[in-house]
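Residues 654 to 812 (my numbering) make up the sequence shown, in order.
We put the CB at the ideal spot given by N, CA and C, even for glycine.
This report concerns only the one structure given below.
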Amino acid sequence: MKITIITVGKLKEKYWKQAVDEYVKRLGAYTKIELIEVQDEKDTDNMSDKDIEIAKNKEAERILSKIKDDSYIYTLEIQGKQLDSVELAQHIENNMNTGKSHLTFIIGGSNGLHDSVSARSNYKLSFSKMTFPHQMMKVILLEQVYRSYRIMKGQAYHK
């Protein structure tokens, strides 16, 4: 099994990097993990809707170029389906049991995902109706994937 996480933008703060590194290390006992960061477009407060769409499209091109054809794609979207931790673990396990050995999670930038990325998604996943910074979301996602593996293995972690 291989997990790829594609994010728009780079982690800059040391504390986010440390958290990501910790979960990557923990996940290493269960799966191969690859983290891909694609360049984000500069965002200003006075961007028009057209400028935002252009920026999202450029980010989408970068994201889509990193997706492997054989990968099952989860996009993180506010309007996606919310799962609890056990349901996420079951979803990942069902993919594994049906021969999907490469899962890719995609976290968009500050303006969200372009429709072309959402259209490529096999599963639209929401962690909340709230918006989170992509740096924080990366840590939360890694923690939930780690928690999923613990649940799948019957190991105490999810209580």
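Selected residue, minimal CA-CA separation from residue i, among the options
i, options, result
"Glu661", "Ala682, Glu675, Leu688", "Checking the sequence, you will find Val at residue 661 rather than Glu. The option with the nearest alpha carbon to Val661 is Leu688."
"Tyr683", "Ser724, Val739, Lys655", "Lys655"
"Tyr725", "Leu778, Ser701, Met805, Glu675", "Leu778"
"Asp617", "Ile731, Tyr810, Thr751", "This structure gives no information on residue 617, because the portion of the chain shown stretches from 654 to 812."
"Ile745", "Lys806, Glu675, Pro786", "Lys806"
"Ala772", "Ala809, Lys667, Thr657, Tyr727", "Tyr727"
"Ile731", "Arg803, Tyr799, Phe780, Gln808", "Phe780"
"His755", "Leu741, Tyr776, Lys721", "Lys721"
For residue j and residue i, believed in contact at Cβ under 8 Å, the rounded distance
i, j, result
"Leu729", "Ile760", "5 Å"
"Lys663", "Glu694", "Going by Cβ atoms, the distance from Lys663 to Glu694 rounds to 13 Å, so no, they are not a contact pair."
Residue environment, residue i, which counts as buried when at least 16 other CB atoms sit within 10 Å
i, result
"Lys791", "buried"
"Gly762", "buried"
"Val739", "exposed"
"Gln797", "buried"
"Ser801", "buried"
"Thr784", "exposed"
Boundaries (first-last residue) of the alpha helix (DSSP H) holding residue i
i, result
"His787", "787–805"
"Leu717", "702–719"
"Leu680", "667–680"
"His744", "738–750"
"Ser769", "768–773"
Residue span of the beta strand (DSSP E) that contains residue i, given as start and end
i, result
"Gln732", "725–735"
"Tyr776", "776–779"
Worksheet item: Is there contact between the segment 714–725 and the segment 767–778, where contact requires at least three CB pairs shorter than 8 Å?
Response: Using a C-beta cut-off of 8 Å, the segment 714–725 makes contact with the segment 767–778, since at least three inter-stretch Cβ pairs fall below that distance.
Item to complete: Please confirm if the segment 667–679 is in contact with the segment 696–712, defined as three or more CB-CB distances below 8 Å between the two stretches.
Response: They do not touch, by the three-pair rule.
Worksheet item: Any chance the segment 733–749 sits against the segment 662–672, with 3 or more Cβ pairs inside 8 Å?
Response: Judged by Cβ distances under 8 Å, the segment 733–749 makes no contact with the segment 662–672, as fewer than three pairs qualify.
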